[in-house]
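Take a look at the structure below.
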Amino acid sequence: ERLTELEEEGEILMTLKLANIMLVNHQNQPFRIKLIDFGVAIPTSEVEIGREMQMLPHRAPEVYLGLPISEAIDMRPLANAGKFTSNYFIRERKNSPEWRFKTLEEYKEGTDVEPDISECAVDQYSSLDEAIEDYAEEKGRFELKDRMVFVQLLKRLLDLDANSRITPEQALTHSFVTMDHLEEDLDCSPYVTDAVRWMTICRLDHSDASDVPVNNHETESSVERKTWKSPVMQTHGQMVSVKILLSHLVEKEDIISSKSADYRVLDFIGEGYFGKVAKCVNLKTSEIIAIKIHKDSEDQVEEVRMLEIIRKLDPEKNNLIRLIDNFFFGDVSCLAFEMLDQSLWDFMTNRQKANSLNEIRPITQQLLVAFKALKSIGVIHSDLKLANIMLVNHQNQPFRIKLIDFGVAIPTSEVEIGREMQMLPHRAPEVYLGLPISEAID
């Protein structure tokens, strides 16, 4: 009855669970209950598509899938999850533990409902294999062969079972990366020649890259300097006293200083919930760098910890962002990184066309090297997306990339079962299902 009232009022509770169902007076009124905890309730009219709502065990499918959200999500208690399962799923074989989606004909036979999919067919193909069959009519045999091998790799990457999902080390020996399937066609196909040309940018020996330490040069990321705070700042060349400096007060032409260098802010090249990213110049060496300026110093504590862990990996051989400096300026936390070109997201957006397989291959190879290295030291990145893949210098080194942003990275040994990780579009099945989590989610 209370949920009916909430629906009429246009409110979504979001937190229906046993702990929020209170017995009023069980001795005098057995099982008379009241609903409590409206701390995260929200008017239906204010819910945006894609909003992350509800705890994992109680989350409705439309929340997972980024579909429109209504009061209906309050009707998805865990105990009722299987009520209509038989309408949509059928066993593969009698007494089999494996299930599959019903076909349209099976659904109609079981429910007497004619399924209307005219407005739901978002994808042109029902499977990767079907896409290949259609594609065969459009392209030459060399590219078709390459695409078939690429689909094989995709299937291994998308394996629902983390234990059988392909590892970075295994993927580096896959034919799509090694191009073994194209070797015999090298002298007779411009497509294959082009494939080899693109791969030359990342044909370094990575066999033991994850074991190669960087030099032991001490920066302000060492433990004794992590909490250092500068008593002054320079603004437009003027020395001024500062007690608390918020990141949004840092402006172009300001000079921010660590114990080892002074940096002039040239421009701002990015902004997010964490703060800003400034393009700066080292006034002593003239090196152009990127400084991540945090809004809250607490936000960078974990990122610095993870960056310290991955410092044992060679950033060049393992395709990882290089940390230059870590310091506090006033009460503002700053991380100085090497300056890179642009994100893969920005590159694809500006170019307005999809990457070809010959462009995808070197990107894939370099990311696999990075994740192999992270796995070797027990680190989960957990936030791989196009915006966190940076082109180093696309004009001089086409599709040479580095992995950035370790703000939500975590040691594998510290991940608890049930932890909510990864953005919805990239979330691995084991995270959704509350199963053990490993580097396989990357």
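Residue 1 is where the sequence shown starts when you use the UniProt record's numbering, and the numbers rise one by one after that.
Heads up, the beta-carbon is just placed ideally off N, CA and C, and yes, glycines get one too.
Distance, residue j Cα to residue i Cα
i: residue 114; j: residue 62; result: 22 Å
i: residue 149; j: residue 175; result: 7 Å
i: residue 402; j: residue 362; result: 12 Å
i: residue 252; j: residue 72; result: 49 Å
i: residue 89; j: residue 110; result: 11 Å
i: residue 268; j: residue 335; result: 14 Å
i: residue 430; j: residue 54; result: 17 Å
i: residue 34; j: residue 21; result: 6 Å
i: residue 235; j: residue 307; result: Residue placement at residue 235 is flagged as unreliable, the pLDDT there being 38, under the threshold of 50; a coordinate-derived value is accordingly withheld.
i: residue 186; j: residue 145; result: 13 Å
i: residue 237; j: residue 264; result: Note that residue 237 scores 40 on pLDDT, short of 50, meaning its location in the model is unreliable and no value can be drawn from it.
i: residue 66; j: residue 426; result: 12 Å
i: residue 195; j: residue 284; result: 42 Å
i: residue 408; j: residue 383; result: 7 Å
i: residue 424; j: residue 127; result: 21 Å
i: residue 59; j: residue 288; result: 46 Å
i: residue 311; j: residue 345; result: 26 Å
Sub-8 Å separation of residue i and residue j beta-carbons
i: residue 281; j: residue 290; result: no
i: residue 166; j: residue 147; result: no
i: residue 366; j: residue 319; result: yes
i: residue 421; j: residue 437; result: yes
i: residue 380; j: residue 410; result: yes
i: residue 341; j: residue 386; result: no
i: residue 270; j: residue 294; result: no
i: residue 168; j: residue 375; result: yes
i: residue 338; j: residue 321; result: yes
Neighbour-count burial assignment, residue i, 16 or more Cβ in a 10 Å radius
i: residue 125; result: exposed
i: residue 373; result: buried
i: residue 292; result: buried
i: residue 24; result: exposed
i: residue 259; result: exposed
i: residue 104; result: exposed
i: residue 333; result: buried
i: residue 163; result: exposed
i: residue 19; result: exposed
i: residue 182; result: buried
i: residue 397; result: exposed
i: residue 272; result: exposed
i: residue 78; result: Residue placement at residue 78 is poorly supported in this model, since its pLDDT is 42, which falls under 50; the coordinates still yield a value, given next. When all chains shown are included, residue 78 counts as exposed.
i: residue 330; result: buried
Backbone secondary structure at residue i - three-state DSSP
i: residue 409; result: coil
i: residue 41; result: coil
i: residue 24; result: strand
i: residue 17; result: coil
i: residue 390; result: strand
i: residue 65; result: coil
i: residue 313; result: coil
i: residue 417; result: coil
i: residue 186; result: coil
i: residue 342; result: strand
i: residue 374; result: helix
i: residue 205; result: With a pLDDT of 43 at residue 205, under the threshold of 50, the predicted position of this residue should be treated as unreliable, though the coordinate-derived value follows. Residue 205: coil per DSSP, three-state reduction.
i: residue 257; result: strand
Where the beta strand (DSSP E) containing residue i begins and where it ends
i: residue 51; result: Looking at the DSSP string, residue 51 is not in any beta strand (DSSP E), and its letter there is neither H nor E.
i: residue 324; result: 323 to 329
i: residue 397; result: 397 to 403
i: residue 190; result: It is not in any beta strand (DSSP E) - residue 190 instead sits in the alpha helix (DSSP H) that spans 190 to 199.
i: residue 97; result: From DSSP, residue 97 is part of no beta strand (DSSP E); its letter is neither H nor E.
i: residue 35; result: 29 to 35
i: residue 338; result: 332 to 338
Residue i - containing alpha helix (DSSP H), residue span
i: residue 267; result: Here residue 267 belongs to no alpha helix (DSSP H); instead the beta strand (DSSP E) covers 262 to 272.
i: residue 279; result: Premise fails: residue 279 lies in the beta strand (DSSP E), 275 to 282, not in any alpha helix (DSSP H).
i: residue 145; result: 141 to 157
i: residue 290; result: Note, residue 290: premise wrong, no alpha helix (DSSP H); beta strand (DSSP E) at 288 to 294.
i: residue 437; result: Element bounds for residue 437: n/a, residue is neither H nor E.
i: residue 175; result: 175 to 178
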